[in-house]
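Engineer:
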Amino acid sequence: IQIRIAADKIEFTASEMTTLAGKLETRIADAKSAGKDVTAMTKSLAEMKAEIANASVQARATVSLIANLKLDNGDKKLMESNHAAFKSARGKLKAGRDALDDARKDARSIVKALKGMHVGATATTTHSTGSGQATTTTP
């Protein structure tokens, strides 16, 4: 059960990081439109996306490995097979976590580069009020 929970956490984190990658991609496009050199950030974003995809693959592989485990009932051969599956699953979890760590490092480097460029970005938020909608633009 703990292995399945860990795999689910990796999948959830990968999903959240995919959303972040989309936002960073938008900011990089804005910087490029402002005439900034975004070559390094574009490379980091591609690496980030690849690491996120790798983490998801590792999480799904982990679930597949443990899905067919059977109670050994004292059968040494089955016990060894289950042990090997658990060991492999733990390795895939580690690979998934490592991939997410690498993706986080890429994200940090992109954010740092964007901050260093001082690209003016604005965010627009629309929310409902009791009497209609209000729009707030933040520089």
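In terms of the numbering used here, the sequence shown is numbered consecutively and its last residue is 538.
Virtual Cβ for every residue (Gly too), placed ideally from N, Cα, C.
Here the structure is a predicted model, which is why all the values come from computation and not from measurement.
CB M416 to CB A502, shorter than 8 Å?
Structural biologist: Contact: yes.
Engineer: Please report how far the alpha carbon of K435 lies from the alpha carbon of T412, in whole angstroms.
Structural biologist: Roughly 30 Å between the two C-alpha positions.
Engineer: Tell me whether the beta-carbon of V462 lies closer than 8 Å to the beta-carbon of A405.
Structural biologist: no
Engineer: Alpha carbon to alpha carbon, how far is A449 from A506? Give it in angstroms, no decimals.
Structural biologist: 12 Å
Engineer: If you pair each beta-carbon of the stretch 487-499 with each one of the stretch 452-462, do three or more pairs fall below 8 Å?
Structural biologist: yes
Engineer: Could you tell me if A512 is buried or exposed, where buried requires 16 or more neighbouring beta carbons within 10 angstroms of its beta carbon?
Structural biologist: buried
Engineer: Along the chain, where does the alpha helix (DSSP H) that runs through D500 open and close?
Structural biologist: 475-516
Engineer: Buried or exposed: which applies to L470, given that a residue is buried once 16 or more other Cβ atoms fall within 10 Å of its Cβ?
Structural biologist: exposed
Engineer: Where L464 and K491 are concerned, what is the direct C-alpha to C-alpha distance, given to the nearest angstrom?
Structural biologist: 10 Å
Engineer: Taking buried to mean at least 16 other C-beta atoms within 10 Å of its own C-beta, is A428 buried or exposed?
Structural biologist: exposed
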